[in-house]
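Take the sequence shown: its position 20, counting from 1, is numbered 20 in UniProt numbering, and each next residue is one higher.
Glycine residues also receive a C-beta, built at the ideal position from the N, C-alpha and C atoms.
It should be emphasised that the depicted structure is a prediction, and the values quoted were computed from it without experimental measurement.
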Amino acid sequence: DIGDIIRGKDLYIRNKREKRRLEDNLQKIFKEIYEELKRGVKRKEAEKHYEDGAPEFYKLREDWWDANRLEVWKAITCEAQGFNYFRRTCSGGTSTTHGKCHCIGGTVPTYFDYVPQYLR
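Below you can see the structure in the form of structure tokens.
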């Protein structure tokens, strides 16, 4: 899924050339993010935190996903008007998303992206 792809943990390897191309592109994107962080106010903190990351930047990718997962979820699902998430995952598994992209409290209906992919 998207979280695994972003974090570099995707197990899908059927098309190795396509996977390599995607990984190269992600490394380029996260290198640009890293360079921007190094130019920021907290550059020394960023350099120290991510110093061993190049070229894969797995730690930065993990942090980016943690910070942006809700926005990614909204971008994918909130515009699917009139549809519920495919299973009851809100309120302890007792209700659906009620035609919205999140549960009543605003939480994302699933956090399965932190379950290893082969167990999902």
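Nonlocal neighbours in the same chain, by C-beta distance under 8 Å from residue i, ignoring five residues either side
i	result
residue 49	59
residue 43	37
residue 19	10, 12, 13
Close Cβ partners of residue i (< 7 Å) along its chain, the five nearest in sequence each way excluded
i	result
residue 2	72
residue 47	38
Under 8 Å between C-beta atoms of residue i and residue j
i	j	result
residue 6	residue 64	yes
residue 27	residue 56	yes
residue 34	residue 8	no
Host alpha helix (DSSP H) of residue i (start-end)
i	result
residue 9	Note, residue 9: premise wrong, no alpha helix (DSSP H); not H, not E.
residue 58	58 to 77
residue 24	16 to 39
Under the three-state DSSP convention, the category residue i falls into
i	result
residue 46	helix
Close beta carbons around residue i, own chain, < 6 Å, minus the five adjacent residues each side
i	result
residue 143	Given that the chain is displayed from residue 1 to residue 120, the structure contains no residue 143 and the question cannot be resolved.
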